[in-house]
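In what follows, a structure is listed as structure tokens, so that the remarks can point back to it.
In mature numbering (1 follows the signal peptide of the UniProt record, and there is no 0), the protein residues as written are -19 to -1, 1 to 290.
Structural data, given as structure tokens:
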């Protein structure tokens, strides 16, 4: 949290302009560096140039990133990968899909991650994952968009408002963010509304580290703070996993406190339960002798999971 506070102060003081000194500061590189700073000498300039070219492509994409076709023009094979890259697409339900495409560079990688319907992008994320020395000394003068520290990486997010409005006019509400001066509330909301690169809820009905921390810590925060407004908004999260957690949370609160859920709320919650799955966790690996996922029946065991530490 101290890193998050530091980064917010840095960006507020610099006005989000796009120069080397404030697009990638030493502080946010260190905060996102994840203890990977120096690279072995001599530095391979051809590797550095490959990383620079990837960032230049991100600059170009940022100028026009309204559709999947726009991405394909700059990064061919976004949906069906070709060459030195990796791509994963998930069905988020309600006519939404998310695709995370990782492009390998020299010393690091960049991710282009998009939430979209039809061909139209609602939210796009760029992620730069590279040793700090390369980022600060070689990439910082090339980047033309403001970055923040998230998930131990340098990230840029953009919502395409016109496409969001079109989606909502066709398919109903979609909750991606809230405007609030309460940093904790914003962070909790963002956790449950994020399905792009790096998010613990990126893959539907799967959480790598299980459902204890931080998932139920954040659910307890919403319950204790009686934040019914956020919970009602989050049943329209793009994440199927988040929708399942939040639907169960609302029914739990309704049973305990007799809150009012209107017809629209109950209809949405019923749809969520109908289309839900057990949540998977863990990693299958012969190296650790684990050959099956852990499974969590969130709806039937919600009260028990709510007591987890």
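Just so you know, even glycine gets a beta-carbon here, dropped at the ideal spot from N, CA and C.
Short Cβ contact (7 Å threshold) for residue i with residue j
i	j	result
residue 192	residue 277	yes
residue 170	residue 211	yes
residue 47	residue 140	no
residue 177	residue 222	no
residue 119	residue 29	yes
residue 89	residue 32	yes
residue 179	residue 137	no
residue 216	residue 249	yes
residue 152	residue 256	no
residue 82	residue 93	yes
residue 229	residue 186	no
residue 13	residue 130	yes
Residue burial classification, residue i (beta-carbon count within 10 angstroms, cutoff 16)
i	result
residue 2	Low local confidence applies: a pLDDT of 35 at residue 2 is under 50, so the model's placement there is unreliable, with the coordinate-based value given in what follows. Exposed: under 16 other Cβ atoms inside 10 Å.
residue 154	exposed
residue 241	exposed
residue 23	exposed
residue 272	exposed
residue 194	exposed
residue 285	exposed
residue 296	Since the first and last residues shown for the chain are -19 and 290, residue 296 lies out of range.
residue 6	buried
residue 281	exposed
residue 265	exposed
residue 45	exposed
Unbroken alpha helix (DSSP H) run spanning residue i, endpoints
i	result
residue 32	26 to 44
residue 233	221 to 238
residue 174	164 to 174
residue 160	Note, residue 160: premise wrong, no alpha helix (DSSP H); not H, not E.
residue 211	209 to 215
residue 8	7 to 13
residue 192	Residue 192 -> no alpha helix (DSSP H), and no H or E assigned at all.
residue 203	198 to 205
Rounded Cβ spacing between residue i and residue j (contact assumed at less than 8 Å)
i	j	result
residue 218	residue 174	5 Å
residue 19	residue 126	At roughly 26 Å, the Cβ-Cβ gap does not stay under 8 Å, so residue 19 and residue 126 are not in contact.
residue 148	residue 98	5 Å
Checklist entry - Which runs of the beta strand (DSSP E), 3 residues or longer, sit entirely within the segment 238 to 290? => result 260 to 262, 275 to 277
Checklist entry - What are the complete beta strand (DSSP E) segments, minimum 3 residues, inside the segment 122 to 156? => result 129 to 131, 134 to 140
Item to check | Runs of beta strand (DSSP E) wholly within the segment 45 to 104 (minimum 3 residues, chain order) | outcome: 66 to 74, 77 to 85, 90 to 98
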